[in-house]
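Asker:
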Amino acid sequence: MSKAIIGVDIGTTGCRAVIYLTDGTALASCSTEYPMYTPHMAWAEQDADEIYQAFRQVVSCAVREAKLQPQDIAGIAFSSVFHSLVAVDAKGQALSRLLIWADNRSQQYCEQIKRQYDAQHIYANTGCPVHPMYWLSKIIWFRNEQPQVFQQAAKFISIKEYILHRLCKKFIVDRSLASGTGLYNIHKRQWDDELLAIVGISEEKLSTVVPTTYVETGILAEIASELGLDPQTPVVIGAGDGVLANVGSGAVNAGQLTATIGTSGAVRVITDAPRVDTKGRTWCYNLTDQHWVIGGAINNGGIALRWARDKFALPEQHVAEKLGLNTYEILSRYASQKPVGSDGLIMLPFFAGERAPYWNANARGVLFGLNLNHGKRHIIRATMEGIVYRMFSIFSALEEVSGNVEEIRVGGSFTQSPEWVQIMADVFGRTIAVPDEPEGAAFGAAILGMVALGMIPDINRVLTIVKIKKIYQPVTANHEKYRQLFSLYERIYWKLQEEFAEIAEIQRTWK
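With the first letter of the sequence shown counted as 1, position 467 gets the number 455 in the numbering used here; the numbers rise by one all the way through.
1) At least one CB of chain C closer than 7 Å to the CB of G238: is that the case?
2) Based on DSSP bridge pairs, tell me the residues matched to N274.
3) Measuring CB to CB, does W129 end up less than 7 Å from R93?
4) Which residues does DSSP list as the beta-bridge partners of E204?
5) Among residues of its own chain, excluding the 5 on either side of S72, which ones have a beta-carbon nearer than 6 Å to its beta-carbon?
6) What residue range does the beta strand (DSSP E) around D446 cover?
7) Would you tell me roughly how many angstroms separate the C-alpha atoms of E487 and G400, rounded to the nearest one?
8) What residue does the beta strand (DSSP E) around S19 start on, and which one ends it?
9) For N359, is the classification buried or exposed, using 16 other Cβ atoms within 10 angstroms of its Cβ as the cut-off for buried?
10) Considering only the beta carbon of each residue, do S405 and R369 sit closer than 7 Å?
11) So is I494 buried or exposed if we call it buried at 16+ other beta carbons inside 10 Å?
12) Where do the N-terminal and C-terminal ends of the beta strand (DSSP E) with K457 fall, by residue?
13) What are the boundary residues of the alpha helix (DSSP H) that E317 is part of?
14) Could you please give the first and the last residue of the uninterrupted alpha helix (DSSP H) stretch that includes D414?
15) Can you tell me where the alpha helix (DSSP H) holding S125 begins and where it ends?
16) Evaluate A304 with the Cβ neighbour count: other Cβ atoms within 10 Å of its Cβ, from every protein chain shown; 16 or more gives buried, anything less gives exposed.
17) Could you tell me whether the region 431 to 443 touches the region 64 to 71, using the rule of 3 or more Cβ pairs below 8 Å?
18) What would DSSP say about M24, mapped onto helix, strand or coil?
19) Name the DSSP bridge partner or partners of S68?
20) Rounded to a whole number of angstroms, what is the C-alpha to C-alpha distance between V393 and G312?
21) Under three-state DSSP, which class holds T259?
22) Using alpha carbons as the reference points, say which of K455, M412, A292 and G(-1) lies closest to R471.
23) So what does G399 bridge to, in DSSP terms?
24) When DSSP labels each residue in this structure, what does G253 get in the three-state scheme?
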């Protein structure tokens, strides 16, 4: 048997380790979940050590399941969620909880930045709009709201950096995650001095930036033994989960677009150089020295459908548990029982503010068009439709920036619902392809790791590995209905700008 590689994906709600051969064969897969904490309005935190323990669990589990010896493993490669931030001391011990992408507590500091500085200039240099998910405002929040943590912090790092430090005792960050902080100049490919001055930190407070194919060796012996690895097993630093999802789905050529809905959602396309939108609607993150990814992410993907499940489908959850079913299968059937457009019910699923293309942390959820004939099935379908409207708004902006899209590949948990994928095909009015690789980001990490270790020549090898297992065609009549409803959906959003800002301010005042 040829040597295998471990692809690890550290996600928002869980961690997964998958062991692959170079032909894409998966030998083993293990995953586990961890909690998110919301102690205050607009806060979204996690415990960095809980995630580290989850990482240890899934890697050791996968190695045992694959029945591999340490010498059989060529390396371990990482994918991780973008925008996480934790303050640590010089030994790498956490001084705070981990702030994740859904954390909007620093919104007021974003507003201050926009008033005092040129936000478009910041975006043009970093590829990151001024928004509370990025480090620019989060570190300012620490400086003003938790000055003791700010002063004690030796470093501000992401969850991947935290885990790598536990493994190798080094503070390093890949260019991909660095480009998603809002503090990294994507053109100069270095931390941006102007922004560090705004935040009030020196470059020493951040990790050393390395390419996404950088290889580190020297895992601490005790940890390596527990994981089932040799201490000299190469560690490929990898990239962010969003950009690696493109690789994992086989969408690595110009004109190939990926649309992913998991906890959140994203639409992305690969380019050969950094590229920003003159209207500031999209972001730009690094993948490799030759590849960049432009796109947009939404806060309210599967998390919005989970809200609908928890608020309106508790009986269905109990039934599903007894029958060994997935509750979302039941919800998908409910959605299929209602017509296109949910009989005039439109959901604006802004439960956690919003990112691209509006970048409005003050946005709130809206159900528009409710009447006495609407029930839970309408709400379920309207939620699915509303999430896809969000994705379509990014798709429209992205096509303006990147040029015509020739192929759309989809990934994430929403692909388990044929009804939901068909809604996307009908809203987009485009053919939708579902790849046969279910572990997009973990597989993307493995592919990048294979490149870094010389096991395959480049990421284009994925084109021969990933196959399409299902195609969804748009229904013309449905697309025409959705076109009208999407126009109405957008008008509703723009007419509520003052009201969104006012309710957000009321909540801040009353907390």
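Built from N, CA and C at the ideal position, the CB exists for glycine as well.
Answerer: By the coordinates alone:
1) Note that chain C does not occur in the displayed structure, where there is just one protein chain.
2) W280
3) Yes.
4) In the DSSP assignment, E204 is bridged to V223.
5) L86, I88, S146 and I147
6) Segment: none, D446 is in no beta strand (DSSP E) and carries neither H nor E.
7) 33 Å
8) Here the beta strand (DSSP E) through S19 covers A14 to E21.
9) exposed
10) Here S405 is not near R369, since their CB atoms are 7 Å or more apart.
11) exposed
12) For K457, the uninterrupted beta strand (DSSP E) run begins and ends at I456 to Y460, by DSSP.
13) T315 to S324
14) P406 to F416
15) Segment W123 to E133, the alpha helix (DSSP H) holding S125.
16) One detail in the question is off: residue 304 reads as Glu in this sequence, not Ala. With a 10 Å radius around the Cβ and a threshold of 16 neighbouring Cβ atoms, E304 comes out buried.
17) A contact exists between the region 431 to 443 and the region 64 to 71.
18) coil
19) I(-2) and G228
20) 40 Å
21) strand
22) M412
23) T248
24) strand
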